[in-house]
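Asker:
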Amino acid sequence: AQQSSENSVKAGRHTLGNQVIRKGYMCIHNLGIMKGGSRDYWFVLTSESISWFKDEE
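For the sequence shown, UniProt numbering assigns the number 1 to the initial residue and increments by one for each residue that follows.
And the structure:
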């Protein structure tokens, strides 16, 4: 495994894996999906997915 890793570095290819790209807050405005208008969430964008969570504050 180490040899293939060294070969990819020499060739200039790097695999990202599942790295966090950005974290932050967002506000979703869509009255059709959620009752009560907009809600605040925090999100984590990775190289493979985006996840968002309800802000409890």
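The beta carbon of each residue, even a glycine, is placed where N, CA and C say it ideally should be.
Suppose contacts are defined by Cβ-Cβ distances below 8 angstroms. Is I21 in contact with Y41 by that definition?
Answerer: Position 21 of the sequence shown holds residue 21. Position 41 of the sequence shown holds residue 41. Cβ atoms of I21 and Y41: not closer than 8 angstroms.
Asker: What are the residues that DSSP puts in a beta bridge with I50?
Answerer: For the purposes of this step, residue 50 is taken as residue 50 along the sequence shown, with counting starting at 1. For I50, which the question treats as bridged, DSSP gives the partners L45.
Asker: Going along the chain, which residues of its own chain have a beta-carbon closer than 6 angstroms to the beta-carbon of S51, five neighbours each way excluded?
Answerer: Start at 1 with the first residue of the sequence shown, and residue 51 comes out as number 51. Correct list, in chain order: V44.
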